[in-house]
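Trainee:
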Amino acid sequence: MWLKGKGCPLGTVPIKRITKEDLIRQRSMPPPENVIFDDRWATVAIARTPINPNNKFAGGGMSASIWNPHVEGQQHSACRLKIQKEQDIIQVGWRAGKKHCFNILCPGFVIVSPEIPVDMLYDQVSHRGDNTSLEDEMGISRIFTSLTSFATDVEWGGVVYSPPGVPEPPMGSSFFPVNDTTYDAYCSGLQVLNAKGEMIDVDRVITHVDDTNLYKILDYPHASPGKFQHYILYGGPGENT
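Residue numbers (the UniProt record's numbering): 1 to 241.
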């Protein structure tokens with residue numbers, strides 16, 4: 001994707017050249033989001049590793065379809081791979097929404113990909129019947145306190161946010177999953193990086209949906225060999241009519 005598919009040289013990452021216009025625009029942005037990533041006001045449809053304080057994960061991976069669900073105002077709708085231990089969280093994925101801090105001018109962002117800038121706009125997104133995907137892998141950084149060793153939880157799936165009193169936005173494809181990867185939002189090839197540094201397929205996950213009237217998730221553990229491996233389908237219309 002970056003530099004016509006060539007990416008950056010080994011050991012480097014893409015950094016956007018900051019212009020005067022960027023700095024002026026930054027002044028009109030709302031305050032940065034809480035870098036603790038407080039999910040109290042978020043609604044999720046996710047799959048996660050079974051809860052076990054003895055879990056030791058050094059990273060995770062997935063391939064996710066990219067969508068552009070309709071959001072307004074302070075709403076956002078996203079797909080993420082999240083790694084967590086206690087209060088420390090690191091996450092990667094895509095997000096639809098223009099009213100939140102989303103680049104390296106804001107605190108809390110760590111550039112890890114030599115190919116994709118953190119504020120990259122995807123000019124190709126999925127449409128029902130034609131999916132576009134993004135491959136993500138993420139390891140633990142040394143900037144954390146609890147995550148200086150290993151994470152205990154890894155999570156994949158969709159997350160939306162609306163301010164209190166505002167209807168929930170669509171998630172993923174904006175439709176409930178229909179068991180078709182060309183129509184549904186998906187996270188496929190669910191993997192974790194174990195304590196030995198081995199990227200292994202995830203055999204079992206626990207699924208959770210905050211509001212099953214608005215969103216759903218379907219789990220397919222190692223349904224078929226090849227591209228998808230263990231995958232989940234997720235999404236829903238939210239409260240939008």
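We put the beta carbon where it would ideally sit given N, CA and C, even for glycine.
1. Report buried or exposed for residue 34, applying the criterion of at least 16 other Cβ atoms within 10 angstroms of its Cβ.
2. What are the start and end residues of the beta strand (DSSP E) that includes residue 62?
3. Take the Cβ of residue 165 as the centre, count every other Cβ of all protein chains shown within 10 Å, and call the residue buried at 16 or more, exposed below.
4. With DSSP as the reference, identify every bridge partner of residue 85, one or two as the case may be.
5. Does the count of Cβ pairs from the segment 150 to 165 and the segment 67 to 77 closer than 8 Å reach three?
6. Rounded to whole angstroms, what's the CA-CA distance from residue 171 to residue 82? Just pull it up for me.
7. Return the CA-CA distance between residue 8 and residue 17, expressed in angstroms with no decimal places.
8. What first and last residue would you give for the beta strand (DSSP E) that runs through residue 187?
9. Among 154, 59, 174 and 200, which one has its Cα closest to the Cα of residue 185?
10. Report all residues from its chain with a CB closer than 6 Å to the CB of residue 90; omit the five preceding and five following residues, and keep chain order.
11. Hey, how far is the Cα of residue 64 from the Cα of residue 20?
12. Among the candidates 57, 11, 12 and 41, whose CA atom is the shortest distance from the CA of residue 259?
13. Pull up the DSSP beta-bridge partners for residue 156, would you.
14. Since I believe residue 204 is in contact with residue 221 (beta carbons under 8 Å), could you give me their beta-carbon distance rounded to a whole number of angstroms?
15. What number of angstroms, rounded off, separates the C-alpha of residue 200 from the C-alpha of residue 77?
16. So, helix, strand or coil for residue 19, using DSSP?
17. Which one or two residues does DSSP pair with residue 95 in a beta bridge?
18. By the 10 Å Cβ neighbour count, where 16 or more other Cβ atoms means buried, how is residue 43 classified, buried or exposed?
19. Let me know if residue 67 comes out buried or exposed under the rule of 16 or more other beta-carbons within 10 Å of its beta-carbon.
20. Could you tell me the distance, in whole angstroms, from the CA atom of residue 232 to the CA atom of residue 215?
Mentor: According to the structure data:
1. One-based indexing of the sequence shown puts residue 34 at position 34. Confidence in residue 34 is poor, its pLDDT being 47 and thus under 50, which makes the residue's placement too unreliable to answer from.
2. Position 62 of the sequence shown, counted from the first residue, corresponds to residue 62. If you look at residue 62, you'll find it in the beta strand (DSSP E) that goes 57 to 65.
3. The residue labelled residue 165 in the question sits at position 165 within the sequence shown. Residue 165 comes out exposed.
4. Here residue 85 is taken as the residue at index 85 of the sequence shown, counted from 1. Residue 85 pairs with 88.
5. Contact between the segment 150 to 165 and the segment 67 to 77 is established, with three or more Cβ pairs separated by less than 8 Å.
6. In the sequence shown, residue 171 corresponds to position 171, counting from 1. In the sequence shown, residue 82 corresponds to position 82, counting from 1. Roughly 17 Å separates the two Cα atoms.
7. Locating residue 8 in the sequence shown gives position 8, counting from the first residue. Locating residue 17 in the sequence shown gives position 17, counting from the first residue. Approximately 15 Å between the Cα atoms of the pair.
8. Locating residue 187 in the sequence shown gives position 187, where the first residue counts as 1. Its beta strand (DSSP E) spans residues 185 to 194.
9. Here residue 185 corresponds to residue number 185 of the sequence shown, with the count starting at 1. Among 154, 59, 174 and 200, the Cα nearest to that of residue 185 belongs to 174.
10. The residue labelled residue 90 in the question sits at position 90 within the sequence shown. Cβ neighbours of residue 90 beyond the five flanking positions: 83.
11. Walking along the sequence shown from the start, residue 64 turns up at place 64. Walking along the sequence shown from the start, residue 20 turns up at place 20. Approximately 34 Å between the Cα atoms of the pair.
12. No statement about residue 259 is possible, as the shown extent of the chain runs from 1 to 241 and does not include it.
13. Within the sequence shown, numbered from 1, the residue matching residue 156 stands at position 156. Beta-bridge pairing links residue 156 to 47 and 81.
14. Residue 221 sits at position 221 when you count from the first residue of the sequence shown. Residue 204 sits at position 204 when you count from the first residue of the sequence shown. Yes, they are in contact, since the Cβ atoms of residue 221 and residue 204 sit about 7 Å apart, within 8 Å.
15. Numbered from its first residue, the sequence shown carries residue 200 at position 200. Numbered from its first residue, the sequence shown carries residue 77 at position 77. The C-alpha of residue 200 lies about 28 Å from the C-alpha of residue 77.
16. Taking the sequence shown and counting its residues from 1, one reaches residue 19 at position 19. Assignment of residue 19 by DSSP, reduced to helix, strand and coil, places it in the coil class.
17. Start at 1 with the first residue of the sequence shown, and residue 95 comes out as number 95. Listed as beta-bridge partners of residue 95 by DSSP are 78.
18. Looking up residue 43 in the sequence shown gives position 43. When all chains shown are included, residue 43 counts as buried.
19. The count along the sequence shown starts at 1 and reaches residue 67 at position 67. Buried, since its Cβ has 16 or more Cβ neighbours within 10 Å.
20. Start at 1 with the first residue of the sequence shown, and residue 232 comes out as number 232. Start at 1 with the first residue of the sequence shown, and residue 215 comes out as number 215. Between residue 232 and residue 215, the C-alpha separation is close to 13 Å.
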